[in-house]
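Q:
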Amino acid sequence: MSEQRKIAVLGAGAWGTALAIHLAKVGHVVNLWSHRAEQAEQLKAEQENARYLPGITLPKNLVPTANLVEAVSDVEAILLVVPSNAFREALIAVKKVIGERSVHIAWATKGFEPVTQKLLHEVAFEVLGKSAKVAVLSGPTFANEVAKGLPTAMVSASNQESEAQYWADQFHYDTFRMYTQSDMVGVEVGGAYKNIMAIATGISDGLGMGANARAALVSRGMVEMMRLSHALGGQTETIMGLAGLGDLVLTCTDDLSRNRRFGFGLARGDLSTNEVMNEIGQVVEGAKAVKTVKQLSDNLGLDLPIMEQVYLLVSEKISPQQAVQALMSRSGKSE
């Protein structure tokens, strides 16, 4: 067991709560911050996150709060689990509170910053400085299973080996294994791109295209993921590991994935993009990521055909059937 630490987890959605629960089970004292005061009070009163993780009791050493200063003032580590579009704002707020104090900072947020198309570690270095101790945590995980203590493996990636190891040490416990990595680009690209591919496989399965089509989408989706990662400076080995292939397979093949369920909803053809999102009731990161990746792809001159069709679908420019036809009518080529 890791030495007991005091850690703040920012973001009380399903994923943030699940990670906070695990850290508390390890033995750490955990402040779980919500941006909504009413949610923090509800978590305290009910000792569970009834909306996202019903039936799972919050450990006594997990303290919900809506006060950011209270959450991060005296901790040695901060884990951000906020939507990608709120990532910079959250970091700026954290920086104002901690000042020049040395704090370990990591995030389990997946995606790009929408406006700038930057990877999140680039945003972190802009806000915190190039020497900041930061890491990204990613891998094939569903919040509900982590909260229940089911076997899980993730990766901790940082440009500083000691920082990747620090976060691995805090999480690596019982049935939870945390591996270390240095390729922050590859890990972040994998975490963002797999959500786009989950939408694609959800559409395919929603249309009844079968297992062959799903396998082809997952395989070719990984090729696209590699192309983007390489173009941004990532490594092939990373995409073949937990943060790439592992996360891709999980998200594309299990209905716990909200991105996959979003694809199912689009395949029905009777609801708009926003209506399907409202049905899901949670953030669908892939719907945001695909718009950013489309811009990156155009800027870099990349051939990412599955992503292109998902983008057109999410933008309501084509139907699911037209997307399938566009992919299947592409000319043959060497793999």
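For the sequence shown, my numbering gives the first residue as 1191, with consecutive numbering after it.
Heads up, the beta-carbon is just placed ideally off N, CA and C, and yes, glycines get one too.
Assuming residue 1328 is part of the beta strand (DSSP E), what are its boundary residues?
A: That run of the beta strand (DSSP E) goes 1324-1328.
Q: Consult DSSP for residue 1222 and reduce its assignment to one of helix, strand or coil.
A: It is a strand residue.
Q: Can you give me the start and stop residues for the alpha helix (DSSP H) that residue 1415 sits inside?
A: Residues 1401-1422.
Q: Which residue from 1409, 1414, 1270 puts its Cα closest to that of residue 1326?
A: Among 1409, 1414, 1270, the Cα nearest to that of residue 1326 is on 1270.
Q: Nearest CA to the CA of residue 1333: which residue from 1489, 1510, 1205?
A: Residue 1205 is the option with its Cα nearest to residue 1333.
Q: Between residue 1505 and residue 1265, what straight-line distance do the alpha-carbon atoms span, to the nearest angstrom?
A: Roughly 42 Å between the two C-alpha positions.
Q: Using 8 Å as the threshold, is the C-beta distance between residue 1337 and residue 1211 below it?
A: The answer is yes: Cβ separation under 8 Å.
Q: Taking the beta carbon of residue 1460 as the centre, do at least 16 other beta carbons fall within 10 Å, making it buried, or is it exposed?
A: Answer is exposed; the Cβ neighbour count stays below 16.
Q: Going by alpha carbons, who is nearest to residue 1324 out of 1274, 1518, 1287, 1310?
A: The shortest C-alpha separation from residue 1324 is found at 1310.
Q: Mind checking if residue 1484 is an interface residue toward chain D, Cβ cutoff 8 Å exclusive?
A: In the structure shown, chain D cannot be found, because there is only a single protein chain.
Q: For my contact list, residue 1253 and residue 1220 are in at a C-beta cut-off of 8 Å; report their separation, rounded to the angstrom.
A: Yes, they are in contact, since the Cβ atoms of residue 1253 and residue 1220 sit about 7 Å apart, within 8 Å.
Q: Note the first and the last residue of the continuous beta strand (DSSP E) segment covering residue 1346.
A: Looking at the DSSP string, the run of the beta strand (DSSP E) that includes residue 1346 is 1342-1347.
Q: In the DSSP assignment, the alpha helix (DSSP H) including residue 1451 goes from what residue to what residue?
A: Looking at the DSSP string, the run of the alpha helix (DSSP H) that includes residue 1451 is 1448-1458.
Q: Select from 1359, 1455, 1415 the residue whose C-alpha is nearest the C-alpha of residue 1436.
A: Answer by Cα proximity: 1415.
Q: Identify every run of the alpha helix (DSSP H) within the stretch 1339-1398, keeping only runs that are complete inside it and at least 4 residues long; order them along the chain.
A: With a minimum length of 4 residues, the continuous alpha helix (DSSP H) runs that stay inside the stretch 1339-1398 are 1351-1361, 1374-1396.
Q: Taking 8 Å as the threshold, find out whether the stretch 1442-1454 comes into contact with the stretch 1382-1400 through three or more Cβ pairs.
A: Yes, since at least three Cβ pairs between the stretch 1442-1454 and the stretch 1382-1400 fall closer than 8 Å, the two stretches touch.
Q: With distances taken Cα to Cα, identify the nearest neighbour of residue 1203 among 1228, 1235, 1194, 1243.
A: Selected option, being the one with the closest Cα: 1243.
Q: For the stretch 1208-1277, list the beta strand (DSSP E) runs that are entirely contained and at least 3 residues long, ordered along the chain.
A: If we require 3 residues or more, the beta strand (DSSP E) runs fully inside the stretch 1208-1277 come out as 1219-1223, 1252-1255, 1267-1270.
Q: Can you give me the C-alpha to C-alpha distance between residue 1508 and residue 1404, rounded to a whole angstrom?
A: In a straight line, the C-alpha of residue 1508 is about 20 Å away from that of residue 1404.
Q: Would you check if the stretch 1310-1319 and the stretch 1407-1422 touch, i.e. whether three or more CB-CB distances between them fall below 8 Å?
A: No, the stretch 1407-1422 does not touch the stretch 1310-1319.
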